[in-house]
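Chemist: One structure, pasted below without further comment.
Residue numbers (full-length UniProt numbering): 1 to 329.
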């Protein structure tokens, strides 16, 4: 029996190696493992969630920028949060619905890196914005007389620029480190979008540097931010306890409820997904898929609802917008 020539071996070997000796630069995304037959039905709640997230956050942005009474630091930070949520939805919309509707699973290596960059960028940005909102609440409660002079429009713009710069600076080396790897194992990703630990696991190269840098990136962003958010609330609680009037205490705490809820629905799925990827090697395949989808869609869906329900100024602005449209009709 003759041995196949290297030429034919090269043609029929389709492993997505990238880097030295790369052959294919294509990955396959995954929908819901074991439920491929029901993808058309599963797409219905996903479409509803995407529409809710995009319309809700767009409404928040429109209301904040068109209503003069909302031109305050708290609402500018809320508009930043809505912008990151919209970016996170758009980053995954095409591939997620492409799989459910068209079974379009293939994604090129460069497209995968681009999607991964923007998903992680908006995730890091959201973490930074939540930290900025915690600082905003601390200043508003502990030093209300200097609130407007501390959080000026120029300073808010600087914070926004710092949020974008920080995420970009941290993520650029992460992407460049992935480009140097070779991929010769299975080319099937475990999510319906490109996620850094998921892509890294498919490499046949040494990924110790990538793993260490990825862990450093998540600790230096979400990890550090969560510690400072916790510290902010320790200081906020101390300031509130120094307020004599029980009514004023209740009012001060009520202004923080929306932000605390937003922090919880962001950090819990993020931490859970990171732990599953790093330590849940023997977990069922649907577990990381479920957590990944919660991590992607629940914060963008819930944030506008939380702030619309809990913030009277947002409620009034939305009602004013609806009533003005009705009078025009």
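In this text, a Cβ means the ideal position worked out from N, Cα and C, and glycines have one as well. Quick caveat, the model's predicted, so the values are computed rather than measured.
What is the DSSP secondary structure of residue 227, reduced to helix, strand or coil?
Modeler: In the displayed model, residue 227 falls within a helix according to three-state DSSP.
Chemist: Tell me, to the nearest whole angstrom, how far the beta carbon of residue 107 is from that of residue 95; I am working on the premise that it is less than 8 Å.
Modeler: 7 Å
Chemist: According to the neighbour-count rule (16 or more other Cβ atoms, all chains shown, within 10 Å of its Cβ), is residue 21 buried or exposed?
Modeler: Bear in mind that a pLDDT of 39 at residue 21, under 50, signals an unreliable position, so the number given afterwards is only what the model happens to contain. Its Cβ having fewer than 16 others within 10 Å, residue 21 is exposed.
Chemist: Taking residue 258 as the reference, which of 243, 214 and 306 has the closest Cα?
Modeler: 306
Chemist: Report yes if the C-beta distance between residue 145 and residue 122 is below 8 Å; otherwise report no.
Modeler: No, they are not a contact pair.
Chemist: Helix, strand or coil for residue 182 per DSSP?
Modeler: coil
Chemist: Specify the secondary structure class of residue 32 as computed by DSSP and reduced to three states.
Modeler: DSSP places residue 32 in coil when its eight states are reduced to three.
Chemist: For the stretch 169 to 186 against the stretch 285 to 297, are there 3 or more C-beta pairs whose distance is under 8 Å?
Modeler: no
Chemist: What whole-angstrom Cβ distance do residue 130 and residue 262 have, given they're in contact under 8 Å?
Modeler: 6 Å
Chemist: Start and end of the alpha helix (DSSP H) containing residue 128?
Modeler: 109 to 142
Chemist: Can the beta-carbon of residue 232 be found closer than 8 Å to that of residue 138?
Modeler: yes
Chemist: Taking 8 Å as the cut-off, decide whether the C-beta atoms of residue 243 and residue 252 are in contact.
Modeler: yes
Chemist: Are there 16 or more other CB atoms within 10 angstroms of the CB of residue 210, so buried, or fewer, so exposed?
Modeler: Within 10 angstroms of the beta-carbon of residue 210 lie 16 or more other beta-carbons, which makes it buried.
Chemist: Quick test of the definition: if touching needs 3 or more C-beta pairs under 8 Å, does the stretch 53 to 64 touch the stretch 36 to 45?
Modeler: no
Chemist: Could you tell me whether the stretch 162 to 182 touches the stretch 196 to 207, where touching means 3 or more Cβ pairs closer than 8 Å?
Modeler: Because the criterion of three Cβ pairs below 8 Å is met, the stretch 162 to 182 and the stretch 196 to 207 touch.
Chemist: Write down every uninterrupted run of the alpha helix (DSSP H) in the stretch 190 to 240 whose length is 4 residues or greater and which is fully enclosed by it, in chain order.
Modeler: 196 to 201 and 208 to 218
Chemist: Return the residue from the list 133, 61 and 173 that minimises the CA-CA distance to residue 116.
Modeler: 173
Chemist: Using a Cβ-Cβ cutoff of less than 6 Å, which residues in the same chain neighbour residue 302 once the five nearest sequence positions on both sides are dropped?
Modeler: 265
Chemist: Rounded to the nearest angstrom, how far is the Cβ of residue 214 from that of residue 196, given a contact under 8 Å?
Modeler: 6 Å
Chemist: Sorted by chain position, which residues of the same chain lie with C-beta nearer than 7 Å to residue 105's C-beta, five sequence neighbours on each side aside?
Modeler: So the list reads 28, 29 and 99, once near-sequence residues are dropped.
Chemist: Could you say if the stretch 294 to 301 and the stretch 309 to 321 meet the contact criterion of at least three C-beta pairs nearer than 8 Å?
Modeler: no
Chemist: List the residues that DSSP assigns as beta-bridge partners of residue 27.
Modeler: In the DSSP assignment, residue 27 is bridged to 107.
Chemist: Would you mind listing the alpha helix (DSSP H) stretches within the stretch 264 to 329 that are 4+ residues and don't spill past its ends, in chain order?
Modeler: Runs of the alpha helix (DSSP H) inside the stretch 264 to 329: 286 to 310 and 312 to 328.
Chemist: Apart from the five residues on each side of it in sequence, which residues of its chain come closer than 6 Å, Cβ to Cβ, to residue 245?
Modeler: none
Chemist: Taking residue 94 as part of the alpha helix (DSSP H), name the residues at either end of that continuous run.
Modeler: 73 to 102
Chemist: Use the C-beta contact count for residue 157: other C-beta atoms within 10 angstroms, 16 or more gives buried, fewer gives exposed.
Modeler: exposed
Chemist: Considering only residues of the same chain and omitting the five flanking positions on each side of residue 170, which have a CB-CB separation below 6 Å?
Modeler: 217
Chemist: So residue 43 is in the alpha helix (DSSP H); what residue range does that whole segment cover?
Modeler: Where residue 43 is concerned, the enclosing alpha helix (DSSP H) stretches over 39 to 66.
Chemist: Using C-beta distances below 7 Å, list every residue in its chain close to residue 63, excluding the 5 sequence neighbours before and after it, in chain order.
Modeler: Here the set comprises 70, 314, 317, 318 and 321.
Chemist: Taking the alpha-carbon positions, what's the residue 23 to residue 135 distance?
Modeler: Because residue 23 carries a pLDDT of 43, less than 50, the predicted location of this residue cannot be relied on, and the following value inherits that uncertainty. CA-to-CA, the gap between residue 23 and residue 135 works out to about 50 Å.
Chemist: Going by CA-CA distance only, name the one from 153, 160, 162 and 120 that's closest to residue 175.
Modeler: Ranked by Cα distance from residue 175, the first of 153, 160, 162 and 120 is 120.
Chemist: As a quick exercise: from 167, 111, 101 and 268, pick the residue whose alpha carbon is nearest that of residue 124.
Modeler: 167
Chemist: Out of 65, 127 and 238, which one is the CA nearest neighbour of residue 270?
Modeler: Nearest option by C-alpha distance: 127.
Chemist: Quick check: residue 91 and residue 60, are their CB atoms within less than 8 Å of each other?
Modeler: Not closer than 8 Å, so no.
Chemist: So is residue 199 buried or exposed if we call it buried at 16+ other beta carbons inside 10 Å?
Modeler: buried
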